[in-house]
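Shown next, in structure tokens, is the structure this report addresses.
Residue numbers (the numbering used here): 1 to 207.
As structure tokens, then:
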């Protein structure tokens, strides 16, 4: 074998070896990046809430609109349908979902309502009519008709709205805001209209 032919083959083998090492290194870096991304990305769990028709998803610290709407519907149905015998059950179901910041206030309000319901033998029934989510405030509004039946059997009806802010912490819902009132949802647009009307009224009085 001629020396120059041998050297050409040797150089070719070295070049091929260097190329293989570069390719292997690139593949190794790509694999490491893929693994880092896979392990640092939040796990997304897709569910189908029974209170809504569309699928919902939840991660460690976030959730879809439909997921929050589903929980709001459940909470409104739970707190809006109360009898003297179910007051304790409702209280026990709500308590674990409350944020520490609102826990004491909500529990005190529930205690007052429970005393009123048990003392007067009142039955409350809530029929939801609409669910609205406001992205700017992260508030879910559940609107419907509330029926209150006294011990005499007389029933009164009113429009009622339940509003909630539901955060996600370690895949679990945490309620950080609860409010209920007569009438339709007080969205930011509605609140701004109310504020403008109040301002005009004050200007007219000071006139």
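Even for Gly, the Cβ is constructed at its ideal location relative to N, Cα and C.
Thinking residue i and residue j are a contact (beta carbons under 8 Å), I'd like their distance in whole angstroms, please.
i: residue 143; j: residue 161; result: 5 Å
i: residue 65; j: residue 176; result: Incorrect: roughly 17 Å between the Cβ atoms, too far for contact.
i: residue 70; j: residue 56; result: 6 Å
i: residue 99; j: residue 124; result: With a Cβ gap of about 24 Å, residue 99 and residue 124 do not count as contacting.
i: residue 62; j: residue 170; result: Not a contact, Cβ separation roughly 12 Å.
i: residue 148; j: residue 114; result: About 15 Å separates the two Cβ atoms, so there is no contact after all.
i: residue 112; j: residue 73; result: About 25 Å separates the two Cβ atoms, so there is no contact after all.
i: residue 126; j: residue 85; result: About 17 Å; that fails the 8 Å criterion.
i: residue 184; j: residue 159; result: 6 Å
Take residue i and list the residues in its own chain whose beta-carbon comes closer than 7 Å to its own, dropping the five residues that flank it on each side.
i: residue 181; result: 161
i: residue 188; result: 134, 136, 137
i: residue 173; result: 71, 97, 166
i: residue 197; result: none
i: residue 194; result: none
Where do the ends of the beta strand (DSSP E) carrying residue i lie?
i: residue 58; result: 56-58
Can you name, in chain order, every residue of its own chain whose Cβ lies under 6 Å from the Cβ of residue i, other than the five neighbours on each side?
i: residue 163; result: 139, 141, 179
i: residue 151; result: 121
i: residue 91; result: 110
i: residue 83; result: 123
i: residue 129; result: 143, 144
If you run the structure through DSSP and keep just helix, strand and coil, what is residue i?
i: residue 7; result: Residue placement at residue 7 is flagged as unreliable, the pLDDT there being 42, under the threshold of 50; the coordinate-derived value follows with that caveat. Correct three-state label for residue 7: helix.
Hey, could you find the ends of the alpha helix (DSSP H) residue i is sitting in?
i: residue 65; result: 65-80
i: residue 199; result: 188-206
i: residue 88; result: 87-94
Apart from the five residues just before and just after residue i, which ones in its own chain have a Cβ nearer than 8 Å to its Cβ?
i: residue 153; result: none
i: residue 95; result: 103, 107
>> Suppose only complete runs of 4+ residues qualify. What are the alpha helix (DSSP H) ranges in the segment 108-185, listed by chain order?
In response: none
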